[in-house]
Amino acid sequence: MASFNLFLLPGDGIGTEIMVEVEKVVAWFEKRGVATFERERGLVGGSAYDAHGKAISESDMALAMASDAVIFGAVGGPKWADVPYDVRPEAGLLRLRKDLGLFANLRPAICYPALADASALKRELVEGLDILIVRELTGGVYFGEPKEIVTLENGEKRAVDTQVYTTHEIDRIARVAFDLARTRGGKVHSAEKHNVMKSGVLWKQVVSEVGKGYADVTLEHILADNCAMQLVRRPKQFDVIVCDNLFGDILSDVASMLTGSLGMLPSASLGSPDPATGRAKSMYEPVHGSAPDIAGKGLANPIAMIGSFAMALRYTLGLGEAADLLDGAVADVLASGLRTADIANPGQNAISTTEMGDAVVKALDARVA
Ligand code: NAD
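In this note's numbering, the protein residues as written are 3 to 371.
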């Protein structure tokens, strides 16, 4: 039986509550003989700061580097609002992304039929929606130099951010998008602004070049502003969207709201495959934060966290059937009408975090019975 090392980093706030629920799911797959999952646990964010004065310790970083996949909850909260900038909770997340070389951020936007009415758009526009946004995560305007605010001779200030991409950076994210499109609907939209940005010109050229190697995948170029508009106009036209760091940040947030609650949205971040093992470093986390307003009350929806583990099964561990089973179990639970408070219908009795985790495990049982 295959054996994998998972490094669990619950973090802060509801991160610790939803991690308990994903652990039930991991244990279920192990019990069913799908694989052995060695689990190590560490601290990140505010909880790590309280223990070590750092947002993640060196020993936990080493465990993350050695793992097959990091399963990350969420970090942050008002308790750590005034800690020094370089040890603030988010610094732990950024360090993990940087040291693991996670350049590809995958955010699916899937609209479960049972939740279509929770979308900001009409049911017919979103029912059955299944989009995957592939965002470049380590380059572009968030990291380009110079990045500064300078005071000019006349006393006025001038702020500069630099949008910069190399062929290599675009090539590798494009390949991730094309490879994934092959396993799904066979279509890639590449979003950029080649009409006004040099980085957009290069982006379009390189993606076109990569696309020539994928005759079975349809490539369409789309201006990023039009892409934003089309996402709310006719979202089901999209399969995979690939874009840079800045556009990806915005487009993935737009896409997420097509599906209902923040508590439903998983994500994956992938690095380059190791030449020796062929396996890429990876981290899986819900899109939402530590939700201090509901932490400790049993109100958190664990589905984004559980869906993140399903992505780990699919994209890192090579267990696509297990991932389908888990996604199916979540759909069954929603179709049965069970809801946590964030996705409950008005007047409906919501279930707790623990009850939702248990319901997913029960649905897994039912699917294999
Ligand atoms: P948030 O995502 O934590 O919460 C926004 C709203 O959504 C809140 O009302 C919250 O109750 C609700 N919500 C979020 N996840 C939910 C879930 N699983 N189930 C039910 N409801 C859910 O964003 P915020 O309030 O802006 O930030 C809170 C803290 O989280 C801040 O410290 C912020 O820096 C941090 N944060 C961390 C991450 C991360 O760890 N990746 C991401 C975003 C924000």
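Quick reminder that beta carbons are idealized off the backbone N, C-alpha and C, glycines included.
How about T355 and E23: do their beta carbons lie closer than 8 Å?
-> As a first step, residue 355 is located in the sequence shown; it is residue number 353 there, counting from the start. As a first step, residue 23 is located in the sequence shown; it is residue number 21 there, counting from the start. In this structure, T355 lies near E23, with their beta-carbon atoms less than 8 Å apart.
In three-state terms, what does DSSP make of K195?
-> For this step, residue 195 is matched to residue 193 along the sequence shown. In this structure, K195 counts as coil in the three-state DSSP scheme.
Measure the CB-CB distance between A106 and V72 and report whether it falls below 8 Å.
-> Walking along the sequence shown from the start, residue 106 turns up at place 104. Walking along the sequence shown from the start, residue 72 turns up at place 70. Taking 8 Å as the Cβ cut-off, A106 and V72 do not qualify as a contacting pair.
Cβ neighbours of L182 in the same chain (closer than 7 Å, five flanking residues each side left out) | Against the sequence shown, residue 182 aligns to sequence position 180. Result list for L182: L134, V136 and V242, in chain order.
Are T168 and K149 touching if we call contact CB-CB under 8 Å?
-> Stepping through the sequence shown from its first residue, residue 168 is reached at position 166. Stepping through the sequence shown from its first residue, residue 149 is reached at position 147. No.
Are there three or more Cβ pairs, one per stretch, closer than 8 Å when the region 34-43 is compared with the region 332-344?
-> The count of Cβ pairs closer than 8 Å, one atom from the region 34-43 and one from the region 332-344, stays below three, leaving the stretches out of contact.
Per DSSP, I224 forms a beta bridge with which residues?
-> In the sequence shown, residue 224 corresponds to position 222, counting from 1. In the DSSP assignment, the residues bridged to I224 are A193.
Look at the alpha carbon of T318 and the alpha carbon of K26, and state the distance between them as a whole number of angstroms.
-> On the sequence shown, residue 318 is found 316 positions in, with the first residue counted as 1. On the sequence shown, residue 26 is found 24 positions in, with the first residue counted as 1. Their backbone Cα atoms lie some 20 Å apart in a straight line.
Between T261 and L127, is the Cβ-Cβ spacing less than 8 Å?
-> Translated into positions along the sequence shown, residue 261 becomes position 259. Translated into positions along the sequence shown, residue 127 becomes position 125. Not closer than 8 Å, so no.
Grab the span of the alpha helix (DSSP H) containing G78 for me, first residue to last.
-> Position 76 of the sequence shown, counted from the first residue, corresponds to residue 78. Per DSSP, G78 lies in no alpha helix (DSSP H) segment and is marked neither H nor E.
Is the beta carbon of A270 less than 8 Å from the beta carbon of S258?
-> Looking up residue 270 in the sequence shown gives position 268. Looking up residue 258 in the sequence shown gives position 256. No, these two residues do not count as a Cβ contact at 8 Å.
Can we count A306 as close to the ligand NAD, meaning its CB is less than 7 Å from some heavy atom?
-> Here residue 306 corresponds to residue number 304 of the sequence shown, with the count starting at 1. A306: yes, Cβ under 7 Å from the ligand NAD.
Using beta-carbon positions only, say whether L253 and L225 come within less than 8 Å of one another.
-> Position 251 of the sequence shown, counted from the first residue, corresponds to residue 253. Position 223 of the sequence shown, counted from the first residue, corresponds to residue 225. No, the Cβ-Cβ distance between L253 and L225 is not below 8 Å.
Jot down the residue ranges of each uninterrupted beta strand (DSSP E) in the region 280-313, minimum 3 residues, whole runs only, in chain order.
-> Entirely contained in the region 280-313, the beta strand (DSSP E) runs reaching 3 residues are, in chain order, 282-288.
Beta carbon of V172 nearer than 8 Å to that of L123 = Within the sequence shown, residue 172 is the residue found at index 170, counting from 1. Within the sequence shown, residue 123 is the residue found at index 121, counting from 1. Residue identity check: residue 172 is Ile in the sequence provided, not Val. Result no, Cβ atoms of I172 and L123 do not sit closer than 8 Å.
Which residue or residues does DSSP assign as beta-bridge partners of T342?
-> As a working note, residue 342 is residue 340 in the sequence shown. Note: T342 sits in no beta bridge, so no partner.
So is the beta-carbon of S292 under 7 Å away from any non-hydrogen atom of the ligand NAD?
-> One-based indexing of the sequence shown puts residue 292 at position 290. It does: the Cβ of S292 is within 7 Å (strictly closer) of some heavy atom of the ligand NAD.
Report yes if the C-beta of I16 is less than 7 Å from at least one heavy atom of the ligand NAD; otherwise report no.
-> For the purposes of this step, residue 16 is taken as residue 14 along the sequence shown, with counting starting at 1. Yes, the Cβ of I16 comes within 7 Å of a heavy atom of the ligand NAD.
For L248, which residues from the same chain have a beta carbon less than 8 Å from its beta carbon, with the 5 sequence-adjacent residues on both sides left out?
-> Along the sequence shown, read from residue 1 onward, the residue named residue 248 stands at position 246. Cβ neighbours of L248 beyond the five flanking positions: G142, V143, Y144 and Q165.
Specify, as a first and last residue, the run of the beta strand (DSSP E) that G146 falls within.
-> By 1-based counting over the sequence shown, the position of residue 146 is 144. First-last of the beta strand (DSSP E) with G146: G146 to T153.
Apart from the five residues just before and just after P304, which ones in its own chain have a Cβ nearer than 6 Å to its Cβ?
-> For the purposes of this step, residue 304 is identified with residue 302 of the sequence shown, where counting begins at 1. Within the same chain, P304 has close Cβ partners I20, E23, T355, M358 and G359.
Kindly indicate which residue of R109, S263 and V178 has the alpha-carbon position closest to the one of V219.
-> What you label residue 219 is simply residue 217 of the sequence shown in a count that begins at 1. Comparing Cα-Cα distances from V219 to each of R109, S263 and V178, the minimum goes to V178.
Mind checking whether the beta-carbon of G130 lies closer than 7 Å to any heavy atom of the ligand NAD?
-> Taking the first residue of the sequence shown as 1, we reach residue 130 at position 128. Answer for G130: no, Cβ out of range of the ligand NAD.
Relative to the alpha-carbon of G47, which residue among D344, R316 and G78 has its alpha-carbon at the smallest distance?
-> Mapped onto the sequence shown, residue 47 falls at position 45. Nearest C-alpha to G47: G78.
Whose C-beta lies closer than 7 Å to the C-beta of A217 among residues of the same chain, with five residues either side of it excluded?
-> Walking along the sequence shown from the start, residue 217 turns up at place 215. Residues of the same chain with their beta carbon placed closer than 7 Å to that of A217 are lacking, with the five preceding and five following residues left out of the count.
Whole-angstrom distance between A4 and G320, CA atom to CA atom | In the sequence shown, the residue the question calls residue 320 occupies position 318. In the sequence shown, the residue the question calls residue 4 occupies position 2. Each residue's alpha carbon lies about 10 Å from the other.
Chain-order list of residues whose beta-carbon lies under 7 Å from that of S292 (same chain, five-residue window excluded) | Translated into the one-based positions of the sequence shown, residue 292 becomes position 290. Once the five neighbours on either side are set aside, the close Cβ partners of S292 are G13, D14, G15, I16, G17, A76, V77, G78 and G79.
Leaving out five residues before and five after V370 in sequence, what residues of the same chain have Cβ atoms less than 8 Å from its Cβ?
-> Position 368 of the sequence shown, counted from the first residue, corresponds to residue 370. Within the same chain, V370 has close Cβ partners R34 and L327.
Report the rounded CA-to-CA distance for C245 versus V190, giving the unit in angstroms.
-> Your numbering for residue 245 matches position 243 in the sequence shown. Your numbering for residue 190 matches position 188 in the sequence shown. Spanning the two alpha carbons is a distance of roughly 10 Å.
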